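Student:
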Amino acid sequence: MARIVFPSPDVFEAEAISAETRAINAGIIEKLSASPDPWSFPPAEVRAARAAGQGVFPLQPKSDRAREMTIDGPHGEIGLRIIAPEAPSGVYLHFHGGGWTVGSHDEQDPRHERLVDNCNLAVVTVDYRLAPEHPYPQGPDDCEAAALWLVRKTSRLFGTDRLAVGGESAGAQLALVTMVRLRDRHGLTPFSAANLVAGCYDLRLTPSAANWGSEKLILTTRDMRNFIGNFLCHGGDPADPDVSPLFADLAGLPPALLSVGTLDPLLDDSLFLAPRYAAAGNDVELAVYPGGAHVFMGFAGVLAAESLDRIDSFLKGIFSA
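Start counting the sequence shown at 12; every next residue gets the next number (our numbering).
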């Protein structure tokens, strides 16, 4: 029988939101309201500005423990960034967020160092191709290729064949799509755990996303529609399970932790996915954080610390078993 952990309804009460979280959210809205419209610039310029620390998420330092390598993929070389302990208990395959359009595999080195140090995991993060220059299916194809490479190479490179997968926002969608692709296309279910943070699992837009509107708390409804437009600009049906994995057959997938904030436009995506994941016979924990914005873990505070601690505990529990 599947193990299901759902949150208390109290997390959805306005009174549950701390003063610190309210202040963090107000600062995000203030900064984004005063910033130029990112959709008035080419994606390459937005990526460069984000890499220079001009985006809303605080710029993270690069790790001197990281190493880069490339592997072959169906659309050309794929970059990988690796941070690893000497004798890892497992390997965590990570896909970054950014609406399939922005973001980079070297944005979260401190978080990945934390996974190395706290969970004794090697972290492999993927520089998958971004839209609109490289729209669907190129990004998911890169992620699938990286996962297949890791399945073949992990024992030799890391001394373990235990794997986990995860990501944030678009990266969570890619992680779930990758698990389904490996099962359906290659007969593989190699992952012991899935860490899915604030994912977009229905690209038709769930009610929370479609009805969010224009409040600039990380994402607006317009942002989501534009990101999806970039991703699917050369075709792709939003109701296709390979695009919107909420509609996929989810049987045979590993235990998953789904994390999301109550003030995330993508809240419904996690709320809808969790029971479907459980109904398919899989273990699932749904962690919902009062007042958390989209991928709120990127903003230092008590809420972020709680969520990161829970992710660490989830992964340690899997890999210590």
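Even glycine gets a Cβ: it sits at the ideal position worked out from N, Cα and C.
Please read all numbers here as calculations on a predicted model, not as lab measurements.
In this structure, does DSSP put residue 16 in helix, strand or coil?
Tutor: If DSSP states are grouped into helix, strand and coil, residue 16 belongs with the strands.
Student: Could you tell me the alpha carbon to alpha carbon distance between residue 264 and residue 192, rounded to whole angstroms?
Tutor: Cα-Cα distance, rounded: 11 Å.
Student: Of all the options 117, 86 and 137, which has the alpha carbon lying nearest to the alpha carbon of residue 75?
Tutor: The option with the nearest alpha carbon to residue 75 is 117.
Student: Could you compute how far the alpha carbon of residue 150 sits from the alpha carbon of residue 16?
Tutor: Spanning the two alpha carbons is a distance of roughly 31 Å.
Student: Is residue 289 near residue 262, with beta carbons less than 7 Å apart?
Tutor: No.
Student: Just tell me which of 98, 101 and 135 has its CA closest to the CA of residue 334.
Tutor: The first residue shown for the chain is 12 and the last is 332, placing residue 334 beyond what the model contains.
Student: Looking only at DSSP bridge pairs, what is residue 136 linked to?
Tutor: Looking at the DSSP assignment, residue 136 forms a beta bridge with 92 and 105.
Student: Once you ignore the five residues that flank residue 129 on each side, which residues in its own chain have a CB closer than 8 Å to its CB?
Tutor: Within the same chain, residue 129 has close Cβ partners 323 and 327.
Student: Enumerated in chain order, which unbroken segments of the beta strand (DSSP E) with a length of 3 residues or greater are wholly contained in the region 125-212?
Tutor: The region 125-212 contains these whole beta strand (DSSP E) runs: 132-138, 174-179 and 202-208.
Student: Determine the burial state of residue 299: buried for a count of at least 16 other Cβ atoms within 10 Å of its Cβ, exposed for fewer.
Tutor: Buried, because 16 or more other Cβ atoms sit within 10 Å of the Cβ of residue 299.
Student: Pick out whichever of 60, 181 and 143 has its Cα sitting closest to the Cα of residue 70.
Tutor: Here the closest residue by C-alpha is 60.
Student: Run through DSSP, which three-state label would residue 8 get?
Tutor: No statement about residue 8 is possible, as the shown extent of the chain runs from 12 to 332 and does not include it.
Student: With distances taken from CA atoms, which of 140, 271 and 29 is nearest residue 185?
Tutor: For residue 185, the nearest C-alpha among the options comes from 140.
Student: Could you say which of 164, 188 and 174 lies nearest to residue 154 if we only look at CA atoms?
Tutor: Here the closest residue by C-alpha is 188.
Student: Our contact map puts residue 241 next to residue 50 with C-beta atoms below 8 Å; I'd like the distance itself, whole angstroms only.
Tutor: About 10 Å separates the two Cβ atoms, so there is no contact after all.
Student: Sorted by chain position, which residues of the same chain lie with C-beta nearer than 7 Å to residue 202's C-beta, five sequence neighbours on each side aside?
Tutor: If we look at residue 202 and ignore the five residues flanking it on each side, its Cβ neighbours are 174, 175, 176, 190 and 265.
Student: Please identify the residue among 179, 200, 167 and 145 whose C-alpha is closest to the C-alpha of residue 158.
Tutor: Answer by Cα proximity: 200.
Student: At what residues does the alpha helix (DSSP H) containing residue 232 begin and finish?
Tutor: Unbroken alpha helix (DSSP H) run through residue 232: 232-242.
Student: Note down, in chain order, each residue of its chain lying with its Cβ closer than 8 Å to the Cβ of residue 42, except the 5 sequence neighbours on either side.
Tutor: These residues qualify, in order along the chain: 67.
Student: How should residue 217 be labelled, buried or exposed, when 16 other C-beta atoms within 10 angstroms of its C-beta is the threshold for buried?
Tutor: When all chains shown are included, residue 217 counts as buried.
Student: On the CB-based measure, 16 or more other CB atoms within 10 Å of its CB, does residue 57 come out buried or exposed?
Tutor: By the neighbour-count rule (16 or more Cβ atoms within 10 Å), residue 57 is buried.
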